[in-house]
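Be aware that the sequence shown starts at 1, since it is given in the working numbering, and climbs by one per residue. For reference, the structure is listed below as structure tokens.
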Amino acid sequence: MIVSAKSWEKLAQAWGIKDPATVDFSKEILIVATSVGSRLTVMPRLNDQGDLQVLARSTRDIRPGLRYAIKSIGREGIKTVYGKELPKE
1 MIVSAKSWEK LAQAWGIKDP ATVDFSKEIL IVATSVGSRL TVMPRLNDQG
51 DLQVLARSTR DIRPGLRYAI KSIGREGIKT VYGKELPKE
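Printed below as a string of structure tokens:
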């Protein structure tokens with residue numbers, strides 16, 4: 001999970017992401033998942049208490065290299081992540 005511009009810049013640089021998207025972290029966060037399977041899907045779920053949980057599914061076929069998915073979601077209503085306070089950095 002990426003919750004700040006500093007962390008996003010660091011990840012984008014480490015992974016060689018050219019021209020990373022501009023994100024307003026006061027309004028949204030990024031969910032990040034990785035897999036060695038050929039396909040990857042990320043599904044965030046926010047319950048009525050404001051607890052965010054993320055399900056990431058990938059295919060079972062193992063391929064060389066790494067696949068990743070980055071999904072932007074609104075911060076509004078998120079109080080905790082898996083029952084813990086939303087990270088600051």
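Cβ atoms here follow ideal geometry from the backbone N, Cα and C, with glycine treated the same way. These numbers come from a predicted model, not from an experiment.
Exposure of residue i, with buried meaning 16 or more beta-carbon neighbours within 10 Å
i, result
"residue 8", "buried"
"residue 55", "exposed"
"residue 2", "buried"
"residue 29", "buried"
Below-8 angstroms beta-carbon distance, residue i vs any chain B residue
i, result
"residue 88", "Absent from the structure is chain B; it holds one protein chain and no more."
Simplified DSSP assignment, three categories, for residue i
i, result
"residue 58", "strand"
"residue 23", "coil"
"residue 49", "coil"
"residue 76", "coil"
Inter-residue Cα distance where the pair is residue i and residue j
i, j, result
"residue 80", "residue 60", "30 angstroms"
"residue 10", "residue 24", "16 angstroms"
"residue 20", "residue 31", "14 angstroms"
"residue 52", "residue 82", "6 angstroms"
Extent of the continuous alpha helix (DSSP H) to which residue i belongs
i, result
"residue 7", "5-15"
First through last residue of the beta strand (DSSP E) which encompasses residue i
i, result
"residue 2", "No beta strand (DSSP E) contains residue 2, which DSSP labels as neither H nor E."
"residue 30", "28-37"
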